[in-house]
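Reviewing the structure listed below.
2 protein chains.
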Amino acid sequence: MNISLAAERSGVSTKMIRYYESIGLVAAADRRANNYRDYGDQEVAMLIFVRRTRDLGFSLEEVRALLALWRDRRRSSREVRKLAEAHLANLDARMAEMRAVTRALKKLVHACHGDDRPDCPIIDDLSMPAKQAGKAKAVQARARK
Amino acid sequence: MNISLAAERSGVSTKMIRYYESIGLVAAADRRANNYRDYGDQEVAMLIFVRRTRDLGFSLEEVRALLALWRDRRRSSREVRKLAEAHLANLDARMAEMRAVTRALKKLVHACHGDDRPDCPIIDDLSMPAKQAGKAKAVQARARK
DNA sequence: GTTGACCTTCCTATTGTGGGAAGGTGCAGG
DNA sequence: CCTGCACCTTCCCACAATAGGAAGGTCAAC
Numbered sequence: 000m001n002i003s004l005a006a007e008r009s010g011v012s013t014k015m016i017r018y019y020e021s022i023g024l025v026a027a028a029d030r031r032a033n034n035y036r037d038y039g040d041q042e043v044a045m046l047i048f049v050r051r052t053r054d055l056g057f058s059l060e061e062v063r064a065l066l067a068l069w070r071d072r073r074r075s076s077r078e079v080r081k082l083a084e085a086h087l088a089n090l091d092a093r094m095a096e097m098r099a100v101t102r103a104l105k106k107l108v109h110a111c112h113g114d115d116r117p118d119c120p121i122i123d124d125l126s127m128p129a130k131q132a133g134k135a136k137a138v139q140a141r142a143r144k
Numbered sequence: 000m001n002i003s004l005a006a007e008r009s010g011v012s013t014k015m016i017r018y019y020e021s022i023g024l025v026a027a028a029d030r031r032a033n034n035y036r037d038y039g040d041q042e043v044a045m046l047i048f049v050r051r052t053r054d055l056g057f058s059l060e061e062v063r064a065l066l067a068l069w070r071d072r073r074r075s076s077r078e079v080r081k082l083a084e085a086h087l088a089n090l091d092a093r094m095a096e097m098r099a100v101t102r103a104l105k106k107l108v109h110a111c112h113g114d115d116r117p118d119c120p121i122i123d124d125l126s127m128p129a130k131q132a133g134k135a136k137a138v139q140a141r142a143r144k
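If you're matching them up, the sequences are chains B and A in order.
Everything in the first sequence is counted per numbering that gives the first Met the number 0, starting at 0 for the first residue and increasing by one.
Everything in the second sequence is counted per numbering that gives the first Met the number 0, starting at 0 for the first residue and increasing by one.
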């Protein structure tokens, strides 16, 4: 099967298929006499695996490790789970960070009256070093004296 | 003040200060006779503003818009809040996506016994097109027949 | 006057992905 | 047979933002 058909079936673009091949993530495809790449169901299955792991936010290096386990019939499920758990920890950390940012920003938005006046706690707070952030009112008041 | 001192005070690396200047995010710094960039407190304050907005996850283009409002004393706080709210919506959407991914992955991890056996629902699930995902047990069982 | 700590510009890499050019191949219709 | 069209190939460029380093200029202290 042509690369574009493999792309359609796997949900991985032709660009990405060639790229994955170029970085050695997936094995180089067989070539036909035309020099066209030729794919079978096995290869498509592998591409689907890659896409699904990518969808779950694994980096290409993590995908590489998972692919190795996928191919290894003697792998232990322990290894697979370890990788998945490491990625989960990663996701949790990033989400915690985003939650903190969201909380801080929501507080600022809440404090801003959002009308025609130029007075704005959001701008005021962002003008200060992080140390004093969140204390816009007092600090700005002091600055006016 | 030297660029490295401005970097230290603002928390923006010298690399980034020069980069921000090169893309026109911040105005080109004054130069001294040596051709060294020269910064004052005003410029440092602006860099702090940039760093703080970056810390809150605004893109450089968003920072550019916020900087314009920062400089404009006749801005309306409404405009500022609108930008902040748009960014919050963005953050919320991304977090929702991550939560969904986390949930799916946690379910898989939970289903994996994680011992010496090669049998692994994580791998099985990832081998399937998204449509059938999460139904690993049934699908794999059918496959074995 | 040399050493070391600055400064300058310019190039490279990263992580994934997309866009496009330039040229080859294959098939269908006129 | 020629033309057009839809593929395919490789190669280069772009993006977001940041970091690293080379090559060369400058300044201060010892």
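Beta carbons are placed, not taken as given, at the ideal position from N, Cα and C, and that holds for glycine.
One Cα belongs to residue 83 of chain B, the other to residue 39 of chain A, and the distance between them is close to 49 angstroms. Separation of residue 21 of chain B and residue 28 of chain B (C-alpha to C-alpha, rounded to the nearest whole angstrom) is 11 angstroms.
For residue 102 of chain A, the closest of B:69, B:109, B:95 and B:91 by C-alpha to C-alpha distance is B:91. In its chain, beyond the 5 residues on either side, no residue has a beta carbon closer than 8 angstroms to the beta carbon of residue 32 of chain A. Under DSSP, residue 37 of chain B takes part in a beta bridge, and its partners are B:29.
In this structure the stretch 46–55 of chain B does not touch the stretch 62–76 of chain A; the number of beta carbon pairs closer than 8 angstroms is below three. Close CB contacts of residue 122 of chain A within its chain, under the 8 angstroms cut and outside five residues either way in sequence, are absent. For the stretch 4–21 of chain A, the beta-carbon criterion of a distance under 9 angstroms to any beta-carbon of chain B is satisfied by 8, 9 and 10. Here DSSP, grouped into helix, strand and coil, assigns residue 73 of chain A to coil. DSSP, read as helix, strand or coil, puts residue 125 of chain A in helix. Closest option to residue 85 of chain B, judged by alpha-carbon separation, among B:58, B:108 and B:36: B:58. When DSSP states are grouped into helix, strand and coil, residue 86 of chain B belongs to the helix group. Annotation: residue 116 of chain B is outside any alpha helix (DSSP H) and is labelled neither H nor E by DSSP.
B:0 is the residue among B:107, B:128, B:64 and B:0 whose C-alpha sits nearest the C-alpha of residue 34 of chain B.
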